[in-house]
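A.B. asks: Quick note: the sequence shown uses the numbering used here, first residue 151, plus one each step. One structure coming up, written as structure tokens, with questions to follow.
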Amino acid sequence: MSALPISMRKLKDVLRLKYEAGLSQRQIARALRLSLGVVNKYLNAAQAAGITWPLPETLSEAQLRRELFPPESPSPQAAYAQPDFAAIHRELQRGQGVTRQLLWEEYVEANPENHYQYTQFCLYYRQWRDRLKLSMRQTHRAGEKMFVDYAGQTVPITDLTTGEVHQAQIFVAVLGASNYTFAEATFSQKLHDWIGSHVRALEFFGGVVQLVIPDNLKSGVTRADRYEPVLNRSYQEMLAHYSTAALPARPRKPKDKPKVEVAVQVVERWILARLRHQTFFSLADLNRALGGLLVDLNHRPFKKLPGTRRSQYEALDLPALRPLPAQPYQFAEWKLSRVHVDYHVEIDGHYYSVPHALATRQVEARVTATTVELFHQNQRVASHARAAEGRGGHTTVPEHMPSHHRAHSEWNPGRFLNWAIEIGPNTRDFVRELLESRKHPELSYRACLGLLNLAKRYTPERLEAACHRALAIGALRQSSVRTILERGLDSQPLPDPDTEAAVTLPVHENVRGAAYYQ
151 MSALPISMRK LKDVLRLKYE AGLSQRQIAR ALRLSLGVVN KYLNAAQAAG
201 ITWPLPETLS EAQLRRELFP PESPSPQAAY AQPDFAAIHR ELQRGQGVTR
251 QLLWEEYVEA NPENHYQYTQ FCLYYRQWRD RLKLSMRQTH RAGEKMFVDY
301 AGQTVPITDL TTGEVHQAQI FVAVLGASNY TFAEATFSQK LHDWIGSHVR
351 ALEFFGGVVQ LVIPDNLKSG VTRADRYEPV LNRSYQEMLA HYSTAALPAR
401 PRKPKDKPKV EVAVQVVERW ILARLRHQTF FSLADLNRAL GGLLVDLNHR
451 PFKKLPGTRR SQYEALDLPA LRPLPAQPYQ FAEWKLSRVH VDYHVEIDGH
501 YYSVPHALAT RQVEARVTAT TVELFHQNQR VASHARAAEG RGGHTTVPEH
551 MPSHHRAHSE WNPGRFLNWA IEIGPNTRDF VRELLESRKH PELSYRACLG
601 LLNLAKRYTP ERLEAACHRA LAIGALRQSS VRTILERGLD SQPLPDPDTE
651 AAVTLPVHEN VRGAAYYQ
């Protein structure tokens, strides 16, 4: 029993009021301004030591203290060899069949005379582990998990040319067993940046983990669900390339990913805070600064565990990571598209062909920086080099074209011309110009259909007049006819053919004409 924090004088007053004055313990507590518990404990200690009132005159205060509070016997733990719980914790993280039972047996073998039994060994290990931070208490097997998230804090980047300021996003990844940390800046949290950061994180770690634990960011998780989250198709493809899988944290459950929650906080405090007074003019400059401070962070000694993030990574995670594939993942975006009647699919304003039998069908497009692949019912039906030219271009494989019936039996040049003849000769000539403007008439079907759609909105007379005007000024595009109709120019007299500007300038809302300046 440890000594209570009152003086020997008050102790004597407690004994005197109890045995001489006959007061109750509650009365003694009120009189001496002590708690009832203190009074009770002192009286019990005196009774256990056989001390009564009055005290012997020869009994000094030091003797009284020793009798009431004899020195405590050594702790039972002192008689046993103390396990190295930090080393035990590290070994458990290795996985590979390492158990507490095995580590206890090794401890007994090293200390055959003075060791704990298995139950005590486990009890004291749990007590040691519970004194660590929450994020450290979870036991993560080496090479098992990579936690990823974005920091809440951003870093401004100033464009030297325009002075515009962009807020760079900070991606953070951390390995579960060693806490080895990666961080980089990107301009957005969109899909291509999200996947690119994963690729660079795995390259930084030098291997592949078994599981990636992301938050429910929309770029990676199409539908957040507690039990069956739906991943983005491109994100799934990237994970498959590295033979790993993602296990998104449950919505609004930060305890599912405490590692990265702490890692984000550490990055904000130990890296971003040190950069707050610097001005960056490019993403590359910012990432160079981040990389230098990241080295310092990973070499900082732990406070409650031996070593550093780097040393723990080399001892635990690095040997357990699976090797990276021969080639890094090339970002590919998946898009759902419908094949038009001209058996072409529009991707970013350019048109790519598929086999004509798929006209009007729905296909999936896998788009990378260099290729466009088209799939129908999970079977690849076409592959094209991604076009560098602007909007409106066509990439057509001759094998995709039918030998007799073009694209779809109900659409052919004759049908478009027959329809145009019903409107008038100018419409017929305009349609003929559209069909002859391309090497393959099928590539003009889309424009012809656009013209057909105008016939539903405007009278045949107006469409005929608009085609007449378009032919006269050389504006041989379906969009030119639409503009003429929308602006009512079909009812205006044709420009003088001797006026060069009237002949050469296209119909456009930004071309005002000479009358505007009079």
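For every residue, glycine included, the Cβ atom is placed at its ideal position computed from N, Cα and C.
(1) List the DSSP bridge partners of Ser587.
(2) Do three or more CB pairs link the segment 478 to 489 to the segment 384 to 396 at distances below 8 angstroms?
(3) In the DSSP output, which residue or residues are listed as bridge partners for Val315?
(4) Tell me the rounded alpha-carbon separation between Thr577 and Leu524.
(5) Quick one: give me the first and last residue of the alpha helix (DSSP H) that Ile421 is part of.
(6) I need the DSSP call for Ile693, collapsed to helix, strand or coil.
(7) For the alpha helix (DSSP H) that Ala439 lies in, which residues bound it at each end?
(8) Is the separation between the beta-carbon of Ile571 and that of Leu613 shorter than 7 angstroms?
(9) Whole angstroms is fine: what's the gap from Glu496's alpha carbon to Arg516's?
(10) Which one of Glu514, Leu508 and Ala196 has the shortest CA to CA distance from Arg215?
(11) Rounding to the nearest angstrom, what Cα-Cα distance links Thr458 and Gly441 in this structure?
(12) Roughly how far, in whole angstroms, is the beta-carbon of Leu567 from the beta-carbon of Arg588, given that I think they are within contact range, below 8 angstroms?
(13) Would you tell me roughly how many angstroms separate the C-alpha atoms of Arg309 and His427, rounded to the nearest one?
(14) Using 8 angstroms for Cβ pairs, my map puts Val489 next to Val513. What's the rounded Cβ distance?
(15) So the alpha helix (DSSP H) Phe354 belongs to, where does it begin and stop?
(16) Reducing DSSP to helix, strand and coil, say where Met551 ends up.
(17) Taking contact to mean at least 3 C-beta pairs separated by less than 8 angstroms, is the segment 349 to 356 in contact with the segment 428 to 440?
(18) Which first and last residues belong to the alpha helix (DSSP H) in which Lys606 is found?
(19) Given a cut-off of 7 angstroms on the beta-carbon distance, is the pair Ser503 and Thr546 in contact?
(20) Could you check whether Ala236 and Pro456 sit closer than 7 angstroms to each other, using their CB atoms as the reference points?
(21) So Ala532 is in the beta strand (DSSP E); what residue range does that whole segment cover?
(22) Identify which residue in Pro575, Pro262 and His239 has its Cα closest to the Cα of Gln277.
(23) Taking all protein chains shown into account, do 16 or more other C-beta atoms lie within 10 angstroms of the C-beta of Gln628, making it buried, or fewer, making it exposed?
(24) Which residue or residues does DSSP assign as beta-bridge partners of Ile497?
(25) Do Asp492 and Arg596 count as a contact pair if the criterion is CB distance below 7 angstroms?
(26) Taking the DSSP output, what are the residues bridged to Ala395?
(27) So what's Asn173 in DSSP terms, helix, strand or just coil?
(28) Quickly, what does DSSP pair Asp299 with across the bridge? List them, please.
(29) Which residues mark the beginning and the end of the beta strand (DSSP E) in which Ser461 is found?
(30) Would Glu334 be called buried (16 or more neighbouring beta carbons within 10 Å of its own) or exposed?
(31) Just the C-alpha distance for Thr202 and Lys191, rounded to the nearest angstrom, thanks.
(32) How big is the Cα-Cα spacing for Pro451 and Ala327?
(33) When DSSP builds the beta bridges, which residues end up paired with Gln512?
(34) Please name the residue in Ser174, Tyr169 and Leu182 whose C-alpha comes closest to that of Lys160.
(35) With 16 other CB atoms within 10 Å as the buried threshold, where does Leu165 fall?
(36) Near Met296, what residues of its chain come up, given a Cβ to Cβ distance below 8 angstroms and the 5 sequence neighbours on each side ignored?
C.D. replies: To lay it out plainly:
(1) Answer is none; Ser587 lacks a bridge partner.
(2) yes
(3) Thr308
(4) 35 angstroms
(5) Counting along the chain, Ile421 falls outside any alpha helix (DSSP H), and DSSP gives it neither H nor E.
(6) Not covered by the structure: residue 693. The range shown for the chain is 151 to 668.
(7) Leu433 to Asn448
(8) no
(9) Taking the straight line from one Cα to the other gives about 13 angstroms.
(10) Of the candidates Glu514, Leu508 and Ala196, the one whose C-alpha sits nearest the C-alpha of Arg215 is Ala196.
(11) 17 angstroms
(12) Not really, about 15 angstroms apart at Cβ, beyond 8 angstroms.
(13) The question names Arg, but residue 309 in the sequence shown is Asp. Distance between the alpha carbons of Asp309 and His427: 17 angstroms.
(14) 6 angstroms
(15) Run containing Phe354: Leu341 to Phe355, per the alpha helix (DSSP H) assignment.
(16) coil
(17) Output reads no: the segment 428 to 440 does not touch the segment 349 to 356.
(18) For Lys606, the enclosing alpha helix (DSSP H) stretches over residues Tyr595 to Arg607.
(19) yes
(20) yes
(21) Ala532 -> beta strand (DSSP E) spans Gln529 to Ala535.
(22) His239
(23) Around the beta-carbon of Gln628, 16 or more other beta-carbon atoms lie within 10 Å, marking it buried.
(24) Answer by DSSP bridge pairing, in chain order: His500.
(25) yes
(26) Leu361
(27) For the sequence presented, residue 173 should be read as Leu rather than Asn. Leu173: coil per DSSP, three-state reduction.
(28) Val322
(29) Segment Arg459 to Gln462 is the alpha helix (DSSP H) holding Ser461; no beta strand (DSSP E) there.
(30) buried
(31) 15 angstroms
(32) 16 angstroms
(33) Arg488
(34) The residue with the shortest Cα to Cα distance from Lys160 is Leu182.
(35) buried
(36) Ala323, Val324, Leu325, Gly326, Ala351, Leu352, Phe355, Val359, Leu361, Val362 and Ile363
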